[in-house]
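K.L.:
As given, the protein sequences belong to chains A, B and C, one line each in that order.
Numbering of the first sequence is given in our numbering, commencing with residue 2 and proceeding in unit increments.
Numbering of the second sequence is given in our numbering, commencing with residue 1077 and proceeding in unit increments.
Numbering of the third sequence is given in our numbering, commencing with residue 104 and proceeding in unit increments.
Backbone N, C-alpha and C define an ideal beta-carbon position, used for all residues, glycine too.
Just so you know, these numbers come straight off a predicted model, no measurement behind them.
Following this message is one structure expressed as C-alpha cells.
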Amino acid sequence: MAQFLSSSIGKKFLMSLSGLFLLVFMLVHLTVNSMILFDSSGELFNRAAHFMASNPIIRIVEPVLAIGFILHILYAVILTIHSLYTRPVGYKKQKLGHSSTWSSRNMFILGLAILTFLVIHIANFFWKIKFTGHDLLADVTIHGVHMENSYALVTTFFIDWWWIVGVYVIGSIALGLHLYHSIWSAFQTLGWSNGIWRRRLNLVGLLASLVIAGGFALIPLWVKISTLL
Amino acid sequence: MDLTLKVWRQENSKAKGNFESYQIKNISPDSSFLEMIDALSEQLINEGKEPVAFDHDCREGICGMCSLFINGRAHGPDEEITTCQLHMRKFKDGDTIVIEPWRAAGFPVIKDLMVERDAFDKILQAGGFISVNTGSAQEANAIPIPQHKAEESMDGASCIGCGACVATCKNSSAMLFVASKVSQLALLPQGKPEAVRRAKAMVAKMDELGFGHCTNTGACEVECPKGVSLDHIARLNREFLAANLKF
Amino acid sequence: MSQLNSKVPSGPLAEKWEKYKANQNLVNPANKRKLDIIVVGTGLGGAAAAASMGELGFKVKNFCYSDSPRRAHSIAAQGGINAAKNYQNDGDSVYRLFYDTIKGGDYRAREANVYRLAEVSNDIIDQCVAQGVPFARDYGGYLDNRSFGGALVSRTFYARGQTGQQLLLGAYGVLNRQIAAGNVELYTRTEMMDLVVVDGRARGIVVRNMISGEISTHFAHAVVLATGGYGNVFFLSTMAMGSNGSAAWQVYKKGALFANPAFVQIHPTCIPVHGEAQSKLTLMSESLRNDGRIWVPKELEDAEKIRKGELQPTDLPAEKRDYYLERRYPAFGNLVPRDVASRAAKERCDAGFGIGTGHAVYLDFKDAIERLGKDLIEARYGNLFQMYEKIVDTDPYTTPMMIYPAIHYTMGGLWVDYELQTTIPGLFSIGEANFSDHGANRLGASALMQGLADGYFVLPFTINNYLADQIGVARMNPEETPEFIEAREKTLAYIDKLMKIQGDRSVDSIHKELGKIMWEHVGMGRTKEGLEKGIVKIQALREEFWKNLRIPGKTDTINPELEKANRLADFIDIGELMAMDALQRNESCGGHFREEYKTPEGEALRDDKNFKFVGAWEYMGEKKTPKLHKEALQFEFVEVKTRDYK
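Printed below as a string of C-alpha cells:
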C-alpha cells in the first residue's frame, strides 16, 4: 500500500478521493446555505445550521472533513513541487491554450485562491460560531429549541460590507473553475472514465460547477441586493 | 516564402545553449518542415558553419524519431501530425518560427534539437511486452477477440513513441505513452497473465525516470500525432489500481 | 570461391526444411552462454533474431543507429504480411504461397528458400498474435485478410495501414524482454563501420558511437547483418533517411559476395515528387489497389488540360479515361505485381498521358466509395487518406489521388546460402539485407514475412549449426587482438580521410546528383548505352566526392554530416556495382527491365537459357573490376513460365 501511495498515480488517487469527498461537503454546505434564499425570517437557515451543528454524525464527519482538506492541500503541494523538477529548462514559446483549458492547467493557483478564501470564510463565520462567539449570535428560540442566530451573523455581514460580497463572489468563481476541471478528472484518475462517460462526466462537471459556484455566489449577492430593493 | 528562424543551438548535453536567428529564403510551401531545415543546413554548410542537428528518420510520420517544439507546439501548428509530415503551407511568408527541442527532465538535450528518449525504452523494458518465447505460440485463431476490443487495442498500439505527450504536458508526464502500451495489452486476452506485474513495473519505472504526474489537462491527447486517447490513461489507472488491490 | 555452394538439402521440396532441422548440429544450453552473437540492425529481422537467440541463451549484442530499436524502417511498412493460413477458404496453401512468390520474383529466386519461407509463414502469424499484435479482425473475432498484388487469394494479415509498425513493436517487445533479462545488450545510436575477420571467420565489428564519436570494437563468435536495403542510392526513395548499405558494403569488401545488386523494386503507388527540395518519397500502401482504380486520360489533349489545371479529373467521364491496368491485364487488373504496375505507369507517362507534373497517374476511389460507402473506405484506408491529404493538400475522397512509382525495396543484397550464411564463415545476413527470397521482384506483404521468418524461425536454427563447432573458441579481447586493433585504426584513418577533404560541397548535394544519375540510367527502363554512360558518371562523381566534399564540425561529437558522408561514399560504390550488374544481365526480369529485351507488347522478356542464375559479385580490390560468380538456379518443382497476369 505504501508503494501504491508513493507512486504518481497513488498520489493522484488520494487527490481524487479527497476532492470528491470535499465535493460532497460542498453540496451539503450549499444546500444548508440555500435556506437563506428561501426564508428571509432566517428561521429555516438557523434550523438547518443548528441541525448541522448538533447532529452526531455531522460531528464525526467534521474532523474527517478537516483531514480531507489537509490531504487534498498537502498532496497538491507535494505534486506541484515535484512537477517543478520535471522540466528543468522551460520553453521560450509555448501555446498551451490550444490543447488544454486554462483551469485544468491552473488547478494549484485556483486551489490557492480557494484556500485564501477559505481562511477568510472560516474567520468570518465558522470561527465565531464555533469558538469566539459574536454579539449577533445571541440565542434565538425556534419551536422551543434554543439555537445561535447564524442567520443574523451571515446576513448582517454581507449587508454591511460590499467588498465582502465581492470576495465571496470571486471565491465562488475560483471554486467553479476548480470544479469544472476536477469532476471528470477525479473519475478519470480513479479509472472510471471512457469515451462515453468522459462526455457525460464533463457535462456533470460543467453543471455541478455552475450550480455550486453560482449558488455560493448568489447567496451574498441576494442578501445584499434584497436589502436594496 | 521567406522566413526567420529562431533555433535552439547547444553543443552537447553539458553545454549551455542559446537561440540563434537565421534568415531563410525561397522555401516552397509544398516542402515539409524538415525539408525546410534541410535547406537551412545546406545554407549553413555553404557558409562554413555547422548545420542544426535534429532527429529524423522515416519522414513519413511513423518511426517517431522526429520531434521539435515549433512555435510553442509539439510537432507544430497542425493536428494529428508529426514534424516530418508538417508542411510549410501551414506558415505564412515572413513568419518568425521558434524551434526548440523537447523539454523534460526525462529527455536530456544531447545536441541542438536532439534529445535522448531512451527513458521510453527503459519503461517498456520494465514490462511493456508479453512474455512469449519464439515457437511457443498457439494457433492464431484459437482465441477469438471481439472486434471492438482488437480495434481499441490497436488505438493504443498506434503510439509511435515520439514523446510529444511528455513535451507538451505541463508536468512532463509520460502517462499517455505508458497508458498506450498498458492499455493495448490489457485489452487482449494474451496480455492478461502479466497484467498485474506490467502495470506496477511500468508505472514504477516511469516515476523513477523523472516524469511527472498526470493532472488530466488533456494536452497530450491533442498534440499526440496519432491521436491516442485519454481513455487509455483511464484504463491504465484502472489497471494500476487493480494491480495494487491484488496481493 | 569459384563454386557457390547453396547448401540446399536434398530431397523433396516439402521435406527439405524438416530434414535440415533433423540433421543440423545443435549447441547445448550450457554452452550457449559461452557464445556471443552480434546482430546489427533492430528491424523485423534484427529484433526478432536478437530476441529469439537471447531466449535460447546466447549472449547477444544488438546494434542500431537510431535512438531506439523501434525506429527501424520496418516500422513504415503499411499494408500487411502474407501467410498461407487459408483462413478465407479460398484455396490457399503453402505451395500456392511458394508458387506465387517464385512466379512473382520472375523465377530468379532459390526454390528451397522460398518454400521454407512459405512454410514458416503461418508460425509468424501465431507468434505475433501471441505477442499482442492487434491484427484486424472480423465481427466474429477471427483474423481478417485482404488481397495484395500478384495473388488470387486473400492471404494478407494487417493492422490498419500500420502492419509493419505493429509487427516491429511486437518484435521490439520480445527484444525488450531479453534486454531486461540481460541476454541482449543493446547499443543505440551506434553505427557499424567495419567487420573484423580473424583467420577467415567473422569475429566482430568496429562501431562508431554517434554521440561521443568514439570508435570501439566488439567481439562475437558470429555476426549477423540485418541492416536492410540500399535503396537510398537513389537519394529519393521510400526508405528512411538513415537507411544505408554501408554495413553490407563493408563486408562485401571483406569478401562476402553481393548478389543481384541490380534487382531493385519500384513501387507503383507513391506520392509524386513535388520539387527540388524533396528529401524523401512517401508510399501509399499497395492495399489501396484493392479498391482504387488506376487511370490516365485517354486523350493526350485531356492530359494536357489537366496538367495545365484547365480540366479537373472529376470532370472527365469514364469513357474518356484509360484504366490501363484493367485494359492490359484483365485477370489481375489493378492488382498486378509491383514491377508490372510501375512499368505500365511509366509507359503511359512517357507517352505523354501523365498528369500533375507529367510524372503521375490517378488512383481513384470514386467507384469504391459509391459501391461500399465512404465509411467503409474510411475504415479501411482512413489513415492513408489522411496522410495523403497532409502531404498533397487535396482530399482523396473527392479528388483522385496522384501516384507515381518510386524506389521502395532492394531484392538484391548479400549472397547467403540456405543457412543464411554469407561467403564469410560466421557472417550471416537476414531480411532485406540478403538477396535470398524475392528473386527479381518482391510481392507485396512479403518483406515483413521474410524479415520475421529469417529472424524468428530460420536463423535461430541455422546459426546453431555454425556455432556448434565454435564452443571451443574462447572470447577474444578486442583490445589485445591484432585484427581488432588494426580494423579500428583503419576506421579512424578512414574518418580522418573524409574529414580532410574540406572541399565546398555538402553531402546532400552530391547525393542528389547520384540519385539523378541512378534514376536516369539505372532506374525503371535500362539500356546498354545508358548503363555504360551511368557508370562513367558515377565514377566521375566519386572523384568529385573525394575532392570536393565538405564535412563541417568535429569527429568527437554528434555529426550528422559525417554520418551521411560515410554512407554516401558506399552508396556511390554500390551504385556502380548496380549498374554493372544491370549491364551484365541481358534480359528483362522482374524489377530489372532492359529496353532491348521486351516483347512486342512491351512486356518483360526473360532469357532463361542464359540468365537463370544469381549473379554474385566478388570484391577484387580498390579500382579493380569485381568478379561475377553465378549460382545456377534449378527449378525442380515448378515449371518456369512466362509470367502472365492477363
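So that I know if they touch, is there some Cβ in chain C lying closer than 7 Å to that of asparagine 1209 of chain B?
P.N.:
Yes, its Cβ sits closer than 7 Å to a Cβ of chain C.
K.L.:
With three or more beta-carbon pairs closer than 8 Å as the criterion, would you say the region 645-652 of chain C touches the region 603-617 of chain C?
P.N.:
yes
K.L.:
Express the C-alpha separation of glycine 378 of chain C and lysine 1101 of chain B in angstroms, rounding to a whole number.
P.N.:
C-alpha separation (whole angstroms): 16 Å.
K.L.:
From the beta carbon of asparagine 1147 of chain B, is the nearest beta carbon of chain C less than 7 Å away?
P.N.:
no
K.L.:
So, at 6 Å on beta carbons, what are the nonlocal neighbours of methionine 104 of chain C in its own chain, with the 5 sequence-adjacent residues on each side left out?
P.N.:
Confidence is the limiting factor: at methionine 104 of chain C the pLDDT is only 46, short of 50, which leaves the residue's position unreliable, though a coordinate-based value still follows. Here the set comprises nothing.
K.L.:
So within the region 1208-1290 of chain B, which uninterrupted alpha helix (DSSP H) runs reach at least 4 residues, ignoring any that extend past its ends?
P.N.:
1223-1233, 1240-1244, 1251-1262 and 1271-1284
K.L.:
Alpha carbons only, please: which of B/Leu1189, B/Asn1088, B/Asn1320 and B/Ala1180 is nearest the one belonging to phenylalanine 1196 of chain B?
P.N.:
It is B/Ala1180 whose Cα lies nearest to the Cα of phenylalanine 1196 of chain B.
K.L.:
For threonine 145 of chain C, which of C/His321, C/Asp405 and C/Gln268 has the nearest alpha-carbon?
P.N.:
C/Gln268
K.L.:
Report all residues from its chain with a CB closer than 6 Å to the CB of methionine 579 of chain C; omit the five preceding and five following residues, and keep chain order.
P.N.:
Phe322
K.L.:
List the endpoints of the continuous alpha helix (DSSP H) containing isoleucine 74 of chain A.
P.N.:
57-85
K.L.:
Measure the C-alpha to C-alpha separation of proline 703 of chain C and aspartate 684 of chain C and round it to an integer number of angstroms.
P.N.:
25 Å
K.L.:
DSSP on threonine 320 of chain C, reduced to helix/strand/coil?
P.N.:
strand
K.L.:
Would you identify the three-state DSSP class for cysteine 1134 of chain B, choosing helix, strand or coil?
P.N.:
Here cysteine 1134 of chain B sits in coil by DSSP.
K.L.:
Any C-beta of chain B sitting closer than 7 Å to the C-beta of isoleucine 178 of chain C?
P.N.:
yes
K.L.:
Closer than 7 Å, CB to CB, is serine 1229 of chain B near chain C or not?
P.N.:
yes
K.L.:
Who are the near neighbours of alanine 117 of chain C in its chain, counting only those whose CB is closer than 6 Å to its CB and skipping five residues on each side?
P.N.:
none
K.L.:
I need the boundaries of the alpha helix (DSSP H) containing arginine 670 of chain C, first residue and last residue.
P.N.:
663-687
K.L.:
Measuring only between beta-carbons, confirm whether isoleucine 1173 of chain B sits less than 7 Å from chain C.
P.N.:
Isoleucine 1173 of chain B does not count as touching chain C.
K.L.:
Using the DSSP secondary-structure output, state which residues sit across from asparagine 165 of chain C in a beta bridge.
P.N.:
Among the bridge pairs identified by DSSP, asparagine 165 of chain C is matched with C/Val142 and C/Leu289.
K.L.:
Contact criterion: CB-CB distance below 7 Å. Does isoleucine 314 of chain C meet it with respect to chain B?
P.N.:
Residue contact check for isoleucine 314 of chain C against chain B: a CB pair falls below 7 Å.
K.L.:
Out of curiosity, what's the CA-to-CA distance linking lysine 411 of chain C and alanine 463 of chain C?
P.N.:
14 Å
K.L.:
Pull up the DSSP beta-bridge partners for aspartate 297 of chain C, would you.
P.N.:
According to DSSP, which records beta bridges pairwise, aspartate 297 of chain C is partnered with C/Val309.
K.L.:
Give the interface partners of serine 1107 of chain B over in chain C, defined as CB-CB distance under 9 Å, in chain order.
P.N.:
Contact annotation for serine 1107 of chain B against chain C: His377, Gly378, Ala380, Gln381 and Ser382 [CB-CB distance below 9 Å, chain order].
K.L.:
Along the chain, where does the alpha helix (DSSP H) containing leucine 270 of chain C start, and where does it finish?
P.N.:
266-284
K.L.:
Give the residues from the region 383-403 of chain C that approach chain B closer than 8 Å (Cβ to any Cβ), ordered along the chain.
P.N.:
Lys383, Thr385 and Leu386
K.L.:
Enumerated in chain order, which unbroken segments of the alpha helix (DSSP H) with a length of 4 residues or greater are wholly contained in the region 360-440 of chain C?
P.N.:
403-411 and 427-431
K.L.:
Going by DSSP in three states, phenylalanine 1095 of chain B sits in which element: helix, strand or coil?
P.N.:
Strand at phenylalanine 1095 of chain B.
K.L.:
Assuming isoleucine 527 of chain C and methionine 387 of chain C make a contact with CB atoms under 8 Å, what is their CB distance in whole Å?
P.N.:
Isoleucine 527 of chain C to methionine 387 of chain C, Cβ: 39 Å. No contact.
K.L.:
By the 8 Å beta-carbon criterion, what residues does the region 1125-1145 of chain B contribute toward chain C?
P.N.:
Within the region 1125-1145 of chain B, the qualifying residues are Lys1125, Glu1126, Pro1127, Ala1129, Asp1131, His1132, Asp1133, Cys1134, Arg1135, Glu1136, Gly1137, Ile1138, Cys1139, Gly1140 and Met1141.
K.L.:
Please classify tyrosine 521 of chain C: is it buried, with 16 or more other beta-carbons within 10 angstroms of its beta-carbon, or exposed?
P.N.:
buried
K.L.:
If you run the structure through DSSP and keep just helix, strand and coil, what is asparagine 1147 of chain B?
P.N.:
coil
K.L.:
Could you tell me whether the Cβ atoms of isoleucine 397 of chain C and leucine 428 of chain C are closer together than 7 Å?
P.N.:
yes
K.L.:
If you drop the 5 nearest sequence neighbours on each side, which residues of the same chain put their C-beta closer than 6 Å to that of glycine 157 of chain C?
P.N.:
Val163, Gln281, Asn286 and Val287
K.L.:
Can you give the Cα-Cα distance for threonine 630 of chain C and glutamate 690 of chain C, rounded to whole angstroms?
P.N.:
10 Å
K.L.:
Confirm, please, whether the CB-CB distance from glutamine 1099 of chain B to valine 1185 of chain B is below 7 Å.
P.N.:
no
K.L.:
Contact defined as beta carbons within less than 8 Å: I believe lysine 493 of chain C pairs with histidine 1163 of chain B. What is the distance between those atoms, to the nearest angstrom?
P.N.:
7 Å
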